[in-house]
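Its first residue numbered 1, the sequence shown is counted upward by one per residue in full-length UniProt numbering. Accompanying notes for the structure given below.
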Amino acid sequence: MLSVVHVAIDADGVLAVDVDGVPRDSEQARTRGDLRAVIDEITSDLGAPVRVEVREADGSTFTDVATPPESSAPAAAEPSPSSSSPALVRAGFQPGEEVALAYVVVRQNADAEGKASLNLPPALLAATRGGLVLLGMSSRTVTPFEAPA
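Written out as structure tokens, the structure is:
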């Protein structure tokens with residue numbers, strides 16, 4: 001199960017951060033501009049992806065999954081998500097069935113032939129290489145997926 005990072009941003013843009021309910025204190029006030037660095041620090045410390053839930057002062061919310069930064073590869077060498085996001089394609093689902101992926105990172109309805117095609121960011125796929133599971137929500141069909149090395 002993914003750890004959950006809660007971020008509350010007050011009207012002045014100051015962050016209050018906790019990981020699974022445990023406050024993440026800092027010696028200096030962190031602001032909206034520090035959010036990416038704070039998330040990178042948390043994912044690096046945990047060595048795993050996290051679910052990030054951000055709540056703005058106006059009550060609006062944003063949820064995403066963040067993965068640890070790749071320290072060995074320069075940013076310019078990273079593939080563009082739109083051009084190289086591999087799809088998880090598996091068969092065995094009922095036509096039109098909703099298919100879920102592991103922690104329910106994403107859901108997609110199966111096509112008329114019972115196949116589901118789910119696109120993931122390369123960093124998330126790399127971080128979950130140990131085994132993803134596709135789950136047919138009505139048939140309860142479970143299809144394991146091992147990401148290529």
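Note that beta-carbon positions come from the ideal geometry of N, C-alpha and C, so glycine has one too.
Query                                                                                                                                                                          : Result
Quick check: what's the CA-CA separation for residue 116 versus residue 59?                                                                                                    : 35 Å
Looking at the structure shown, is residue 98 part of a helix, part of a strand, or coil, going by DSSP?                                                                       : strand
Measure the C-alpha to C-alpha separation of residue 14 and residue 35 and round it to an integer number of angstroms.                                                         : 10 Å
Within 8 Å, do at least three Cβ pairs link the segment 47-57 to the segment 4-20?                                                                                             : yes
Excluding the 5 residues preceding and the 5 following residue 66 in the sequence, name in chain order all residues of the same chain whose CB lies nearer than 6 Å to its CB. : 39, 43, 50 and 52
Distance check for residue 29 and residue 61, CA to CA, integer angstroms please.                                                                                              : 21 Å
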